[in-house]
Amino acid sequence: MVAGVKLQVTTPAQHVPHRRRTIMSAPTPMSQNSAIQAFNEHEARADGARIVASLAAGFEMLTSLMLDRVAVEPGTRFGVDSMIMPTSFVQGHAIASLESELYQVAVSAEVARARGYLRTDDDWYVRWLINTRLPDRLSEPAVVGRFALYKAQSPDKRRLSFETALERALPQTAHAPLVLFRLYPLAVEIVTATAFAAPADAIDARKRQRQILPSLADCTACRGALLENGEECPQCGNPIWKFDWLTAE
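Note that numbering that gives the first Met the number 0 numbers the sequence shown so that position 221 is 220, with each residue one more than the last.
And the structure:
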């Protein structure tokens, strides 16, 4: 289990059933040890290994769950367009995964800067994070351009751009509940806050999620508790809730 901070905002659930998916991590331009060393040196900290592992586990889980919610679950409910060939689906899935990574880095960087998680108020963290998360892609003008767009946009415009990009890559995204895209950036905030051991910030983000969709706390398994980065509630899908929970009244 990746070391991290387990937080709760509802009645403590001492035996919350949760699972950790096995997700293949992409290699990074710098080795993991180099990333840890760079972080520790820049931040004058000794817990870079924990932070690097926590961010990786959290972001990989969010990307995996988000693609399930926009690509897999709508397909099981509404069917998949017969004109979409399997190769097109695979290509769309890869594009959507990249968009998710770009979006997460932009949101995480904005949160880390606003919350003062870093020693310096500059772009060091965003450069470090995108080099860690997107190996071998930063030489591509299209990727650089997409990230520059996300980074420059306001939160609302960034969210709309992300939604539009996923729908272009995976048309079935049009069937996904719109509330999913309001909850997602807050999930990125939670991953970032948890990695940086800022429980109050993670709790605040979860409270804002519950204001958007109060039923998030109705799960009898996790009670809407904040899980460690990289964990998922098998019943409701927390931290990215399943279709039925997103559409519950």
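We put the beta carbon where it would ideally sit given N, CA and C, even for glycine.
- DSSP, reduced to helix, strand and coil, places glutamate 231 within a strand of the structure shown.
- If the five residues before and after methionine 60 are omitted, its C-beta is found closer than 6 Å to the C-beta atoms of Gly229, all from its own chain and listed in chain order.
- By the beta-carbon neighbour count (other beta carbons within 10 angstroms, threshold 16), alanine 151 is exposed.
- Listed in chain order, the beta strand (DSSP E) elements of length 3 or more contained wholly in the stretch 50 to 123 amount to none.
- A Cβ-Cβ separation of about 6 Å places leucine 185 in contact with arginine 207 under the 8 Å criterion.
- For serine 160, the enclosing alpha helix (DSSP H) begins and ends at 154 to 168.
- Burial check for threonine 163: the Cβ neighbour count within 10 Å stays below 16, so the residue is exposed.
- Alanine 199 counts as exposed, since fewer than 16 other beta carbons sit within 10 angstroms of its beta carbon.
- Leaving aside the five residues that flank phenylalanine 38 on each side, the residues in its chain whose CB is nearer than 6 Å to its CB run, in chain order, Gly47.
- By the criterion of at least three beta-carbon pairs nearer than 8 Å, the stretch 157 to 172 is not in contact with the stretch 122 to 129.
- In the DSSP assignment, glutamate 40 falls within the alpha helix (DSSP H) that extends over 31 to 42.
- If you look at arginine 136, you'll find it isn't in any alpha helix (DSSP H); DSSP assigns it neither H nor E.
- Counting C-beta atoms within 10 angstroms of its own C-beta, asparagine 32 has fewer than 16 neighbours from the protein chains shown and is therefore classed as exposed.
- With distances taken between CA atoms, glutamine 90 lies nearest to Pro170 out of Pro170, Gly115 and Ala197.
- Ile189 is the residue among Ala197, Ile189 and Glu109 whose C-alpha sits nearest the C-alpha of isoleucine 239.
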